[in-house]
Amino acid sequence: LLLNNLTKAVVSTQSTGEYVSKSKPGIHWLISHREPLEMFMTSGKMKNDKFIEALEIFEELFREDPAIQSDPLHLRLAVATSLVFANPIKSRAVKRNNIDWMSRYWYFLDLAEEGTLMPQFTEGTAWHLRFVVGSVYTDDSLTWGRENTSQKKIKN
Numbered sequence: 026l027l028l029n030n031l032t033k034a035v036v037s038t039q040s041t042g043e044y045v046s047k048s049k050p051g052i053h054w055l056i057s058h059r060e061p062l063e064m065f066m067t068s069g070k071m072k073n074d075k076f077i078e079a080l081e082i083f084e085e086l087f088r089e090d091p092a093i094q095s096d097p098l099h100l101r102l103a104v105a106t107s108l109v110f111a112n113p114i115k116s117r118a119v120k121r122n123n124i125d126w127m128s129r130y131w132y133f134l135d136l137a138e139e140g141t142l143m144p145q146f147t148e149g150t151a152w153h154l155r156f157v158v159g160s161v162y163t164d165d166s167l168t169w170g171r172e173n174t175s176q177k178k179i180k181n
């Protein structure tokens, strides 16, 4: 069923009749590599089966961040972000505002590169990272929470 939905989504993204490899290099890369494709397909059910939206988000992330092809954390975070944000996430602070998925992706990558996050973040699977990037809180709220939580109080 997942493969059937993904195949339909890939075919649907070819609206101009161009080959996926020319018009959607990120989607072409995803479906041409077993590990990323398997990760995309097995990292949890997506609400409303919005595969086309998830693939479009992955495509944009792929274009913005070439490291997705070579860095496992970038790939896992891109897959998690694509799957979670295929259905827009409303901000808990201002319900009429959606959380910006591109900002959220870079927010967590920047924190990971700074070494600010707990080590479990960099080891998490795409399935795990979905629960992190899919927070309904704004990046500012997440920053406040991180800065005002004592690491000594957190037990692994």
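Numbers in this note's numbering are just positions in the sequence shown, counted from 1, shifted up by 25. Note that the Cβ used here is the ideal one computed from N, Cα and C, for glycine as well. Keep in mind it's a predicted model, so treat the numbers as computed, not measured.
- In this structure the region 117 to 136 does not touch the region 62 to 75; the number of beta carbon pairs closer than 8 angstroms is below three.
- DSSP places ASN122 outside both helix and strand once states are collapsed to three, so it counts as coil.
- Look at LYS75 here: in three-state DSSP terms it is coil, with no helix or strand label.
- Rounded to whole angstroms, the Cβ separation of TRP126 and ILE56 is 21 angstroms, and the two are not in contact under 8 angstroms.
- In the DSSP assignment, MET64 falls within the unbroken alpha helix (DSSP H) covering 59 to 67.
- In the DSSP assignment, ASP165 falls within the unbroken alpha helix (DSSP H) covering 164 to 172.
- In the DSSP assignment, VAL161 falls outside any alpha helix (DSSP H), carrying neither H nor E.
- For GLN94, no alpha helix (DSSP H) run applies, since DSSP gives it neither H nor E.
- In this structure, VAL158 sits away from ALA79, with a CB-CB distance that is not shorter than 9 angstroms.
- Residue pairing of LYS115 in beta bridges, as defined by DSSP: ASN123.
- Beyond the five residues adjoining it in sequence on each side, LEU86 comes within less than 8 angstroms, by CB distance, of GLY51, ILE93, ALA103, THR106, SER107, MET127, TYR130 in the same chain, given in chain order.
- In this structure, the beta-carbon distance from LEU98 to LEU134 falls below 9 angstroms.
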